[in-house]
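J.: I have a structure here, written as structure tokens, and I will follow up with some questions on it.
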Amino acid sequence: MTKVFQKTKMLTDVPFHYCPGCTHGIIHRLVAECIEELGMEDKAVGVAPVGCAVFAYNYFNCDMMEAAHGRAPAVATGIKRTCPEDLVFTYQGDGDLASIGTAEIVHAAARGEKITTIFVNNAIYGMTGGQMAPTTLVGQVTTTSPYGRNAETQGLPVRMAEMLGTLDGAYYIERTSTHDVANVIKTKKAIKKAFEYQMQGKGFSMVEILSTCPTNWGLNPVEALDWLKENMIPQYPLGVTKEGK
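Dropping the structure here:
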């Protein structure tokens, strides 16, 4: 019998802890498949964040490090400089990367560190109770913005892909989404391209991936996918922000 599909070897058999409808699991699988397809199984090193993906080291079947909140790019920098032949990636949420870790990601990109960041943006703090994040949309209700984010008092959402795309050290920045099959396929292509650029010795790369948080958005999984498409994509347009020097 011909085998037409099998689970990637780069994911363990540990069940995911993510909420139903959360697309972290999809993104994990895409990252794992790309590592396997590139033949980097024995050379991949991931850095897990503080946030919903804090237990990512349980799921990826490669060497993993745990970083303090927001510090994954600094840890990845040390790993890559020590082992330049390795494929080094960080896996971070918007609270981790765009809030407490802003300085780390900005300066890693500015230095042109040859690492890849997988940035999962669901516009809210997921693990800690649904607080407002730097990426929360204007008018979006969270536990710390119960009347909706007010631009006058709480500022405007931060577009990380556009911001990092202005830095000379950044080589490849793209924003994708996980709200339907076509965009999941595009996300995988972007992740693989980012890894390939790192393997070619290019500068910093990041794939920002729009994701859902049904639990903290107060929606069911199907409604969350629709909400992402209708509300997040207008604020965070999909596509390549920067490619090449």
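This note's numbering applies: residue 53 is where the sequence shown begins, and numbers increase by one. Backbone N, C-alpha and C define an ideal beta-carbon position, used for all residues, glycine too. None of these values were measured; they are calculated from a predicted model.
#1: Would you say the region 116 to 129 touches the region 80 to 87, given that touching needs at least three Cβ pairs under 8 Å?
#2: For a test of the three-state rule: what should DSSP assign to Asn113, helix, strand or coil?
#3: Could you tell me how far apart the beta carbons of Thr129 and Ile170 are, in whole angstroms, since I believe they sit closer than 8 Å?
#4: Would Lys132 be called buried (16 or more neighbouring beta carbons within 10 Å of its own) or exposed?
#5: Can the beta-carbon of Ile237 be found less than 9 Å from the beta-carbon of Val172?
#6: I'd like to know whether the C-beta atoms of Gly98 and Cys114 end up nearer to each other than 9 Å.
#7: According to DSSP, simplified to helix, strand and coil, what is Tyr288?
#8: So is Cys104 buried or exposed if we call it buried at 16+ other beta carbons inside 10 Å?
#9: Across the region 182 to 201 and the region 214 to 231, are there enough close Cβ pairs to call them in contact, namely three or more that are closer than 8 Å?
#10: Run the CB neighbour count on Ala246, radius 10 Å, all protein chains shown included, and call it buried at 16 or more, exposed below.
#11: Rounded to the nearest angstrom, how far is the Cβ of Ile176 from that of Thr168, given a contact under 8 Å?
#12: With a cut-off of 8 Å on the beta carbons, I'd call Ala234 and Ile225 a contact; round off their distance for me.
#13: Compute the Euclidean distance between the alpha carbons of Thr264 and Val106, then round it to the nearest angstrom.
#14: Do Gly145 and Asn110 have their CB atoms nearer than 9 Å?
#15: Give me, in chain order, the residues of the same chain whose beta-carbon lies closer than 6 Å to that of Gly255; leave out the 5 immediate sequence neighbours on both sides.
#16: Taking the straight line between their C-alpha atoms, what separation do you get for Pro273 and Pro72?
#17: Hey, would you say His231 sits closer than 9 Å to Leu271, going by beta carbons?
#18: Throw me the rounded Cβ distance for the Leu149 and Met251 pair, which I believe falls under 8 Å.
#19: Assuming Gly153 contacts Ala185 under a Cβ cut-off of 8 Å, what Cβ separation, rounded to an integer in Å, is found between them?
#20: Looking at the unbroken alpha helix (DSSP H) that takes in Thr154, where does it start and where does it end?
#21: From the DSSP output, read off the bridge partner residues of Glu226.
#22: Roughly how many angstroms separate the alpha carbons of Leu90 and Glu137, rounded to a whole number?
#23: Please report the residue range of the alpha helix (DSSP H) in which Asn235 lies.
#24: Using the Cβ count rule (16 or more neighbours within 10 Å means buried), how would you classify Asn268?
#25: Quick one: what does DSSP say Ala100 is sitting in, helix, strand or coil?
#26: Please state whether DSSP places Ile170 in a helix, a strand or coil.
T.: According to the structure data:
#1: no
#2: coil
#3: Incorrect: roughly 16 Å between the Cβ atoms, too far for contact.
#4: buried
#5: no
#6: yes
#7: coil
#8: buried
#9: no
#10: buried
#11: That belief does not hold up - the Cβ atoms of Ile176 and Thr168 are roughly 24 Å apart, past 8 Å.
#12: With 8 Å as the limit, Ala234 and Ile225 do not qualify as a contact, their Cβ atoms being about 21 Å apart.
#13: 17 Å
#14: no
#15: Gly164, Gly221, Tyr223
#16: 7 Å
#17: no
#18: Contact flag wrong, Cβ pair sits at about 23 Å.
#19: Not really, about 12 Å apart at Cβ, beyond 8 Å.
#20: 154 to 162
#21: Val259, Val292
#22: 14 Å
#23: 233 to 251
#24: buried
#25: strand
#26: strand
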